[in-house]
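In the order they appear, the protein sequences are chains A and B. Residue numbering for the first sequence follows the numbering used here, starting at 53 and increasing by one per position. Residue numbering for the second sequence follows the numbering used here, starting at 580 and increasing by one per position. For glycine and all other residues, C-beta sits at the position ideal for the given N, C-alpha and C. All values reported here derive from a predicted model rather than from experimental measurement.
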Amino acid sequence: MNKKSANKNIITCDEILGKDAIDPDGSSLGVITKVHVDKKDRKLVGITVDMGFMKPDLYIGINYVKQFGIDAVFLKKVPHHKFKGLKVLSEGGELVGKVKNIVTENKNIKEFEIAGKRILDGKFFIKYSDIKEIGDHVILKKSHKRVSKKERKKKNKKKK
Amino acid sequence: MFGKRVDLISRNVGDLDKTKKASSYIGKIVYSKKGEVIGRIYDVILKKGVLMGVLVRGKRKTFIGKEFFASESKEALMLKIEPVTSIIGRQVFDSLGKRIGKVSGLKRKSNTNTYNGIFVKKSIYRKAFEISKKDIDVAKKTVLLKKPHEKAVASAQAAARKTRTKVKKKKSKKTSKTSSKSRTRARKKK
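Right under this line is the structure:
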């Protein structure tokens with residue numbers, strides 16, 4: 053067996069676990085808790101990131117890992133799951149609701165499902181094109197349109 | 580907003596409802612362009628009676644000029660910018676993924692929303708070192724560098740040396756000009 057010093061590109065599992073996973077925006081997603089290895093191919097398949105208290109763990113495929121750094125692991129893409137639970141603000145800064153779910157089409161975000169601020173507001177959908185900025189909060193454009201679940205169902209039926 | 584019981588004595592203001600109270604700003608949450616909470620407004624700054632900007636208390640106290648206001652509502656004020664000062668305190672990683680330290684300060688030429696470089700400190704007792712803006716890849720939640728730590732620091736030091744030599748040259752030129760002038764004056768006197 054080769055010694056580790058023989059190949060500088062080899063790192064151990066111990067050196068990956070516990071490191072921060074950082075997306076291309078520079079924000080830390082969480083700490084790496086698991087490393088997944090394919091038994092058959094004997095290759096690293098992905099990593100699991102602990103996103104924090106009361107948040108589900110996130111599995112990231114090895115194709116989305118850019119680099120295993122010394123103190124952090126850099127990712128190639130911003131995971132859509134990161135947006136779940138973010139607060140949604142209007143253009144003026146008023147609270148509209150929270151992101152409940154993300155609707156994707158061909159790996160691209162199509163719509164955001166938003167739970168209204170009050171229970172009576174219910175859930176509604178907003179197109180990705182109606183979103184001005186995504187950061188710590190999701191900020192909507194002034195001319196955004198809310199599509200209720202009923203309207204969406206009707207549209208889908210018409211399409212079919 | 581003002582009620583019907585306010586008597587108006589003014590030459591310029593005809594209708595109070597078209598105006599706005601300065602105190603209405605106080606307590607509003609200030610969001611950056613990306614929706615990051617900067618803090619709450621605790622005071623309003625006027626110059627010759629005209630609103631110049633607001634004082635915001637968050638992690639740090641900052642003054643934000645009114646030219647950076649994008650929109651506002653009852654509860655919040657949205658900005659057009661990501662304030663550069665929000666980088667201070669963020670962690671810095673180099674291109675190899677090594678944690679270098681935290682941003683301790685910014686190198687700024689003026690008070691605009693730009694910076695030329697950052698000062699990074701590894702720990703409280705260590706000296707801060709400079710990294711120029713061109714070596715920074717991403718400066719948002721964390722600061723990611725384009726180069727390994729040593730190279731980035733070396734390039735910043737080289738740039739600093741260059742500027743120093745330029746300044747010295749300028750100074751020496753000025754002094755040589757003044758000395759030549761004084762010599763000519765002395766000759767004329769003779």
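From residue i to residue j, what does the alpha carbon distance come to, in whole angstroms?
i, j, result
"B/Lys768", "B/Lys750", "27 Å"
"A/Ser79", "A/Met103", "12 Å"
"A/Val148", "B/Asp716", "33 Å"
"B/Ser761", "B/Thr754", "10 Å"
"B/Leu685", "B/Ala739", "15 Å"
"A/Lys210", "B/Ala655", "40 Å"
"B/Gly637", "B/Arg619", "6 Å"
"B/Gln736", "B/Glu709", "7 Å"
Are the CB atoms of residue j and residue i within a distance shorter than 8 Å?
i, j, result
"B/Arg660", "B/Phe642", "According to the sequence as given, residue 660 of chain B is Ile; it is not Arg. No, the Cβ-Cβ distance between B/Ile660 and B/Phe642 is not below 8 Å."
"B/Ile608", "B/Val616", "yes"
"B/Ser683", "B/Ser711", "no"
"B/Lys701", "B/Asn695", "no"
"A/Val87", "A/Ile68", "yes"
"B/Phe672", "B/Leu625", "no"
"B/Tyr610", "A/Gly174", "no"
By DSSP's criteria, residue i is part of a beta bridge. Which residues make up the other side?
i, result
"A/Phe120", "A/Val125"
"B/Tyr610", "B/Val616, B/Met657"
"B/Phe708", "B/Val699"
"B/Ile643", "B/Val633"
"B/Val717", "B/Leu723"
"A/Gly145", "In the DSSP output, where bridge partners are listed per residue, A/Gly145 has none listed."
"A/Val155", "A/Glu163"
"A/Leu172", "Answer is none; A/Leu172 lacks a bridge partner."
"B/Ser650", "B/Met657"
"A/Tyr111", "A/Thr100"
"A/Val190", "A/Val140, A/Ile186"
"A/Phe177", "A/Glu165, A/Val199"
"B/Val623", "B/Val633"
"A/Lys150", "A/Lys139, A/Ala167"
Which residue marks the beginning of the alpha helix (DSSP H) containing residue i, and which one marks its end?
i, result
"A/Ile68", "65-68"
"B/His728", "728-768"
"A/Lys209", "201-211"
Which residue comes first and which comes last in the beta strand (DSSP E) that contains residue i?
i, result
"A/Lys134", "Unbroken run through A/Lys134: none, as it is neither H nor E."
"A/Ile183", "183-186"
| field | Complete beta strand (DSSP E) runs within the segment 658-690 of chain B (minimum length 3 residues, chain order) | value | 670-672, 678-686
| query | Curious, which full-length alpha helix (DSSP H) runs of at least 4 residues does the segment 65-99 of chain A contain? | reply | 65-68
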